[in-house]
Amino acid sequence: MLLFFAVLALAWTWPLVVHLDTALPGNPGDNFSFVWNLWWMRHVLATPGLAYFHTTYLFHPFGTSIANHPNTALPALVGATLLGGASPAAAQNLLLIAYVFGNLASMYALAWTLTRHTAAATLAALIFGLSPYIAVHMLGHFDLVAAWTIPLFALALDRALRGSNAAAFAAGLTLAATAYIAYYHVVYQCFFAVAYALAWSDAVRAHRAISAPSPSARYAAAALVAIACVAACAAAAIAITGGTTIMIAGVELSATTPQNAMTAMWVCIAGALVARWRPRVALNRAADWRRLAAVAWRIVAVFLAGALPLVLEAARLVARGEYVSQQYGWRSVPTGIDLISPLLGSPVHPLLGSLSRSAYTALGDNFIETVGWMGVVPLLLAAGFKSHTARAWRIVAAAFFVWALGPFLIVGGFDTGLKLPAILLRFVPFVANARMPGRAMVIVYAALAVVIADRVATSERRLRSPAVQCLLVALVLFDFWDAPVPLTPLDRPTAYAALARAEPGAVCEVPLGIGDGLSAGVGSQDRRALFYATQHQHPLVGGYIGRMPADTAVRYEQMPVAGELLALSAGTRPPQRDEDSVAASPCRYLMVRKSASSAALLAYIDRLPKHLETVDGDLVLYRLW
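If you read the sequence shown in numbering that gives the first Met the number 0, its first letter stands for residue 0, the second for the next number, and so on.
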């Protein structure tokens, strides 16, 4: 089976294996950042006194923390040691193939342990390991491809809940390892642990009141329904007429979109249902709360010990006021998946992907962050199936699907005004940084895989047929196929080889740029600079990272040469200042890409006192001091 998964990982990521050193999956962008991570780990291990989670090789000279960034420290360590003989790019590509293999193998281990059924476990492995979530993030979000810790964590948690203390420690260790791979997956595994533990142990029970509602409750429900009807009519009128703006007591009230009226409608409907059904939520005293507590403290203790370097760095960031998270309002909050996205197909399918991508485009969605296709076979097999194992995983799937829907329900590209629980997550410290709700689909795929494995393992006669099981595997393989993976070619200009041989000093890529995952950045956003940095191995003035220091632009504006280069690269007026010494600039070298530089930027560089080091076609390398 492991050999099958290895061959499948190579085929599913084809033609990556034959371009290990010459290309990266996806379009130019975040993929370069992960290669830089691998190079930085190698540089740290080879240079006494450096720390991995803080660098001055980006945003030189003040540097930045990479703890609040997809730092992939654990894969980078593997890339620097076991794969140390390969180039950073080749090591990253080998890791990606290993991630796909690990995703398949880890889900197989989970499903087989729960079902003891080979065909069922194989089907589960394919549903999770080759899921569209993994496929779309192969296009650049390499940390999210490494989802293999999720099934391992679930397996350890399940064993722990059944009485194994060693498994509880293993769950904590797996969670700590995840912290050095993918921040989002840490958040999801924590929420998964709570949801799964409560569902598995039946610790919380919800039920409707048995007695009939009182007359006052019935009147309240009727009144709320009437208000909901009025709100619905108001929403329809606003949608048809375009709404209006009115003044009340000197305050301008705008009613130009129907969403607020629809939100009022949903609130009233919810209130009417509560008044009518009077739901009750209560703790089940018969549940084994002592076991839940024992599992919880062991997981937390091991996680804190294992993730201590990251926890301490995060604490230092918070203490210094440098912890960066996206700021957004009720309307500007990132949206989740569209409710109809599970019907849109896989956007990276080699035959049908173009149709799917067109559908996502029509909805105004970025398919990488809002993919929701779960496949025809998985949904048919999961429908209506009930068992004790399936119950807990269905609850998990439902909870994370609601999370993936985002802060408000969107159907066919239309905001229905129905606010969902994810709208409150931005108020939860650290969880708020897992800002893209659609990524919660990774747990939905994991839960779906386990439910289907349980269905096949305990199925009626027609699903026990080896021929039928092989057909199901083949159908899922076709539905979730990804190859050929689009690749970004890598180049190695001789100008960077010349820079690698030069004396120490920071380099400014011109046009100069700074950027992160929370903003449009300033100046050039050509992230190839990160890949070139792995070749010349000099500190970069400027750069790109997941979370950029908030005052980066202001700091550079105050620096001679760097401030002018950044402003001119952004097409704005450079700062006005007295004549500055070039030697006071953080830039010792300028790598100028002439075709990407404006006339004003080239004119400014011409006025600088400098030494020509080398010319390589469109690239010109200068030394300033």
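All C-beta atoms in this analysis are idealised placements derived from N, C-alpha and C, irrespective of residue type, glycine included.
Since the model is a prediction, treat every value here as computed from it, not as a measurement.
Determine the direct distance from the alpha carbon of residue j to that of residue i, and round the result to whole angstroms.
i    : j    : result
T21  : A236 : 58 angstroms
R315 : A119 : 47 angstroms
G162 : V294 : 9 angstroms
H53  : G242 : 52 angstroms
K609 : P573 : 20 angstroms
S130 : N259 : 36 angstroms
D481 : L103 : 15 angstroms
H140 : N30  : 7 angstroms
A274 : S458 : 41 angstroms
A263 : L419 : 14 angstroms
G279 : T71  : Per the sequence shown, the amino acid found at residue 279 is Arg instead of Gly. Approximately 44 angstroms between the Cα atoms of the pair.
I339 : F413 : 11 angstroms
A97  : A499 : 31 angstroms
R454 : T388 : 10 angstroms
T117 : D478 : 21 angstroms
A569 : E508 : 13 angstroms
W288 : R158 : 16 angstroms
V614 : R592 : 10 angstroms
R546 : K385 : 44 angstroms
G424 : W265 : The sequence as given places Leu at residue 424; Gly does not occur at that position. Rounded to whole angstroms, L424 to W265 spans 20 angstroms at the Cα level.
T415 : I422 : 14 angstroms
L291 : A196 : 7 angstroms
L174 : V135 : 24 angstroms
Hey, out of the options, whose CA is closest to residue i's CA?
i    : options                   : result
P538 : D550, M590, Q575 and E556 : M590
R446 : L95, A123, F33 and L15    : The amino acid occupying residue 446 in the given sequence is Ala; Arg does not appear at that position. If we check each option's Cα against that of A446, A123 comes out closest.
A75  : L94, G84 and F61          : L94
V16  : Q91, L1, P69 and G84      : Q91
A306 : L73, V540, L49 and A549   : L73
V317 : A50, A66, K609 and H136   : A66
A602 : H610, I409 and L567       : L567
F191 : F399, P428, A50 and Q575  : F399
A285 : A496, G570, L600 and A202 : A202
G688 : G139, L197 and G512       : Not covered by the structure: residue 688. The range shown for the chain is 0 to 624.
G101 : L113, I133 and N36        : I133
T551 : P60, I442 and Y107        : P60
N549 : Y359, L2 and S64          : Per the sequence presented here, residue 549 reads as Ala, with Asn not at that position. The residue with the shortest Cα to Cα distance from A549 is S64.
G532 : W11, F33 and P349         : Checking the displayed sequence, the identity of residue 532 turns out to be Ala instead of Gly. Ranking the options by Cα distance to A532, first place goes to F33.
S594 : L618, A583, I604 and R546 : L618
P510 : A175, G516, G522 and L517 : G522
W276 : T240, V299 and P212       : P212
V58  : L311, Y543, G616 and F168 : A quick correction: the sequence has Phe, not Val, at residue 58. Comparing Cα-Cα distances from F58 to each of L311, Y543, G616 and F168, the minimum goes to Y543.
I409 : D605, A167 and L362       : L362
R297 : A8, A170, H18 and P47     : A170
M40  : Q524, L81 and L611        : L81
W35  : L565, L600 and A528       : A528
R393 : V443, F426 and G405       : V443
Does residue i pass the burial test, meaning 16 or more other C-beta atoms within 10 Å, or should it be called exposed?
i    : result
C232 : exposed
E502 : exposed
Q468 : buried
Y218 : exposed
S357 : exposed
V375 : exposed
C228 : exposed
V475 : buried
G514 : buried
Q557 : exposed
D337 : buried
I268 : buried
N432 : buried
V87  : The question names Val, yet the displayed sequence has Pro at residue 87. The residue in question, P87, is buried, as its Cβ has 16 or more Cβ neighbours within 10 Å.
S464 : exposed
L379 : exposed
Q188 : buried
Q534 : buried
S596 : buried
For my contact list, residue i and residue j are in at a C-beta cut-off of 8 angstroms; report their separation, rounded to the angstrom.
i    : j    : result
R587 : R622 : 7 angstroms
W199 : L160 : 6 angstroms
A439 : W402 : 4 angstroms
P436 : P333 : 7 angstroms
N26  : L138 : 7 angstroms
Report the residue ranges of all alpha helix (DSSP H) runs contained in full by the segment 531-618; include only those spanning at least 4 residues, in chain order.
551-556, 561-568 and 598-606
Quick check on the DSSP output: what are the complete alpha helix (DSSP H) runs of length 4 or more inside the segment 198-234, in order along the chain?
none
Restricting to runs no shorter than 4 residues, where is the alpha helix (DSSP H) found entirely within the segment 45-79?
72-79
Report the residue ranges of all alpha helix (DSSP H) runs contained in full by the segment 333-418; include only those spanning at least 4 residues, in chain order.
352-362, 366-369, 375-381 and 387-403
Complete beta strand (DSSP E) runs within the segment 261-330 (minimum length 3 residues, chain order):
278-282
Just list the alpha helix (DSSP H) runs in the segment 82-131, keeping only unbroken ones of 4 residues or longer that don't cross its boundaries, in chain order.
87-114 and 117-128
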